[in-house]
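Asker: This is the structure I have questions about; it appears just below.
Numbering (our numbering), first residue to last: 19 to 178.
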């Protein structure tokens, strides 16, 4: 699941819709609502989150710290302002990556997967006979050859 946080309802609904078209579950929060939710949500709910997408709000610089208290999921900021100072301030606040609008949901997913790969020092995989199934979003390998699967089928295989 991807969690989108932005003070503009149009933005949260837009990204939720775009992720839905890609087959990725997502939900949107306004910053105040998110602050309450992140502190009270069950650990299982927090663990199910693949990435946090932070947009515009007065609390953009405080949200990454609140997220880090509960989760190691990638935190990606979407910046409307092409300013070096704003980008550096976002990194200083604890985000893992900053992207500029417009950004495609697939790019966000790819960046989140890359961040997760870097966070896990040891690549986690399962060998089943000649098949190697990765749990970090990579395509499986059959006898050492990459076997490309659509995202949905890959996730089903990872689950099994």
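Glycine is no exception: its CB is placed at the ideal position from the N, C-alpha and C atoms.
Once the 5 residues before and after residue 86 are set aside, which same chain residues still bring their CB inside 8 Å of it?
Answerer: 93, 112
Asker: Taking residue 94 as part of the alpha helix (DSSP H), name the residues at either end of that continuous run.
Answerer: Looking at the DSSP string, residue 94 is not in any alpha helix (DSSP H); the run it does join, the beta strand (DSSP E), is 93-97.
Asker: Under three-state DSSP, which class holds residue 35?
Answerer: The answer is helix: DSSP assigns residue 35 an H, G or I state.
Asker: Do residue 95 and residue 108 come within 7 Å of each other at the CB atom, strictly closer than that value?
Answerer: yes
Asker: Mapping DSSP to helix, strand and coil, what is residue 133?
Answerer: helix
Asker: If you drop the 5 nearest sequence neighbours on each side, which residues of the same chain put their C-beta closer than 6 Å to that of residue 152?
Answerer: 143
Asker: Looking at the unbroken alpha helix (DSSP H) that takes in residue 86, where does it start and where does it end?
Answerer: Following the DSSP letters along the chain, one finds residue 86 inside the alpha helix (DSSP H) bounded by residues 81-86.
Asker: Pairs of beta-carbons, one from the stretch 68-80 and one from the stretch 22-39, closer than 8 Å: are there three or more?
Answerer: yes
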